[in-house]
Structure formats: structure tokens, C-alpha cells
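In our numbering, the protein residues as written are 112 to 475.
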């Protein structure tokens, strides 16, 4: 086994999920993540955790959803019981076809997601972490040779997370103390309120309220959004290519939308429910180990010199205990490149210009 696979497993179990002896761990394994799953299972055994592994396949999900009539039972008891008894939920992505569910009808997908809202909420109460094993399908989606993609993925995953956490703490402090964020770049001028929110220093560990590996972002839950934004980073949503999405906000809600490609997908997302018309997340990418777009949101949204916004659900970690924030069955991230002709302001002070923070070399 490639030693990097073992190191990936150790980072996931120890740094990210903080697994302890006696923890009940659900391990959800993608079809081509077998090697990483073996390494994770070994780590869990060494730490005397209780392991239950499940199989997660886009092809299986497609077959089920296309055959179903769309009238889904709410929160099936057996599935709910699984997450209710879990302390840790680890998801190892690694499918054979990144567009496996592209032809599932949108309304059926929405109905399925809505019917499992309670299961999703309970899973989010665990020490959950999502990661991916570098696979040939992901390399192909990134338009990279497999070996080059492995190097890319491990450069992003196997980092000095403690040092990065200290750097990102500076951005967290700015957001925690701020009241309004303004993002300005080509075809974008957007303002968002952030007062009363708590930013998350997403350093790839549940100890930081961070649940992705790799991570490397600072995010908060904006509200009262006004203005317009263009997302110029290519992406795939619901198995379809989406290019140059444009959203206009008024009184916190999307009032106009368009895209050069994939506008029907954007319409499907926005029409999912009332909360899908509002923002649930503002994220600032800070992982410079991610140096190119790969059409995989787990990596792309963490890339340095990018900002991403998510339509839909806000995360509880950003909110006061007595506030629920934006609620939705969806949480869909879209990314804009801020490396050129851009600035990010907090309460009128420029904190990042052309991808460089004010304390970095190159900030002007």
C-alpha cells in the first residue's frame, strides 16, 4: 500500500474525527475507495473503536431513485437508528462515475433529500468527516493523469494543519469582529451582513467545527444579502456542467439568475424550497496546496484566492444557540476567482486584494 494512503487514514481518524476507544463509527465507502477504507479500518481497530462499514454508490442511488415513484417515507427508522447510535460518521468518496445520477429527475432528487432531513440533521450531530480517495474517475474529471492527480490530492490533504489553523485564525478574527462584508470584482458587487455570527476556522478537524478533509477555509453564515455576483469557476452540479452563474439579490433573496450553461440546474436548486433562495455560507479559500480547479467542490472551494457562497442551509456552528439561521434541504456551493481585479472588504476596510491578505507579501 502507498504510504500516503496510510497517512491519509491516520490524519482522518486522529486529527479530523478525533476517534477514541469505544466510539461507534459508521464508515461509508465509495466503490473505488477500498484501499483507503482498509487503511482506515486498521486505524480504527488500533484505537479500539466499533466499526460498521456501508457501501455508497452513485449507480445504486441512481437505480433506486429512477425506479421509485417519488413518494418517499420520511426518515426511515432503520436508517435513522444507524446515525442515532453513531458517534462518528466517516464518508470516503471515490466513485466510478462522477455523473452517475445526472439523469435522475430533479423533483425526485429533491423529494428524496427532503424526506431524509431528520437523518441528515442527526448525522450532522455526529463527529462527521468527508474525504475522498484519489481515483481515476476524479483524475479524469480534473483532466489530469492519474499519477499527477494523486500528487495533487495528497498535497492538499497531507498538510501541516496546525500551522494552517493559526494562519486562518486571523481571518476568523476579522469576520467575528465585523458587521458587513463586501465582495467586489468583475461583474460582482455584493454586500452581506455577518454581525451576530461566528466564523469557523475550517482546519480539517471536528475540534474546529470543520468536517472536510482536505479543508482550508474560513466560513460564516451571511444574511441580508444585496447586489449581484458572478461565479466564474467551472463546476458540475447534479451531474451537469454549469458555467458563469449570475445571481442578483434583493432583501436577502435571489430575484434574478442566469448562467452561460446549466441554467436549468440553477433553477432546480433555487426552486427546491424557500431557503434555497438565500445564502447559507460565505467561505474564503486558504489552502494553497490546492493550486488548480478540478471540478470537485471538496477541493475547489478550499483553493487559495477564491471565495465561495452557498445557496441553502446555514451551518449551526456559525449561529447563536437561540437562532436557527437559514433552513433548506439544499446546500450548494459556487465559487468565484478573486486572484485579479478584486477586493474583499470588512466594514469598509480592504482585507484581501487580488487574492492576497493585507498581512501577506504582494498586498497593495
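Ideal Cβ placement from N, Cα and C applies to all residues, glycine included.
Check                                                                                                                : Outcome
Range covered by the alpha helix (DSSP H) that runs through residue 177                                              : 169-178
Which listed residue (177, 361, 160, 244) has its alpha carbon closest to that of residue 140                        : 244
Reduced DSSP secondary structure (H/G/I, E/B, other) of residue 116                                                  : helix
Residue burial classification, residue 232 (beta-carbon count within 10 angstroms, cutoff 16)                        : exposed
Simplified DSSP assignment, three categories, for residue 435                                                        : coil
Residue 151 - DSSP class collapsed to helix/strand/coil                                                              : helix
Contacting residues, own chain, Cβ-Cβ under 7 Å from residue 410 (five flanking each side not counted)               : 267, 325, 401
Check whether residue 384 and residue 440 have beta carbons under 8 Å apart                                          : yes
Residue of 183, 261, 394, 252 minimising C-alpha distance to residue 226                                             : 183
Given 8 Å, three or more beta-carbon pairs between the region 456-468 and the region 290-303                         : yes
Exposure of residue 333, with buried meaning 16 or more beta-carbon neighbours within 10 Å                           : buried
Member of 313, 343, 307 whose CA lies at the smallest distance from the CA of residue 435                            : 307
Segments assigned beta strand (DSSP E), at least 3 residues, entirely inside the region 225-250                      : 238-243
Three-state secondary structure (DSSP) of residue 198                                                                : coil
Buried or exposed by the 16-neighbour rule on C-beta atoms within 10 Å, applied to residue 419                       : buried
Beta carbon of residue 422 nearer than 8 Å to that of residue 393                                                    : no
Pairwise C-alpha distance: residue 464 and residue 379                                                               : 34 Å
DSSP three-state assignment for residue 465, whether helix, strand or coil                                           : coil
DSSP-derived helix/strand/coil call for residue 454                                                                  : strand
Continuous alpha helix (DSSP H) stretch holding residue 266: start and end                                           : 257-268
Interface flag, residue 473 vs chain C, CB-CB below 8 Å                                                              : Absent from the structure is chain C; it holds one protein chain and no more.
With 16 other Cβ atoms within 10 Å as the buried cut-off, status of residue 261                                      : buried
Residue 220 vs residue 349 beta-carbon contact at 8 Å                                                                : yes
Residues that DSSP places opposite residue 311 in a beta bridge                                                      : 330
Residue 401 in three-state terms, based on DSSP                                                                      : coil
Host alpha helix (DSSP H) of residue 381 (start-end)                                                                 : 374-381
Same chain only: Cβ atoms within 6 Å of residue 369, ignoring 5 sequence neighbours per side                         : 357
For residue 249 and residue 355, the rounded distance between their alpha carbons                                    : 22 Å
Whole-angstrom distance between residue 345 and residue 406, CA atom to CA atom                                      : 7 Å
Rounded C-alpha distance that separates residue 257 from residue 247                                                 : 6 Å
Residue 119 vs residue 269 beta-carbon contact at 8 Å                                                                : yes
Own chain partners of residue 181 with C-beta closer than 6 Å, once the 5 adjacent residues on each side are dropped : 219, 222
Check whether residue 329 and residue 282 have beta carbons under 8 Å apart                                          : yes
Same chain, Cβ closer than 8 Å to residue 191, five either side skipped, listed in chain order                       : 229, 230, 233
Cβ contact (3+ pairs, closer than 8 Å) linking the region 305-319 and the region 149-163                             : no
Residues near residue 365 in its chain [Cβ-Cβ closer than 8 Å; skip 5 each side]                                     : 358, 359, 381, 388, 389, 422
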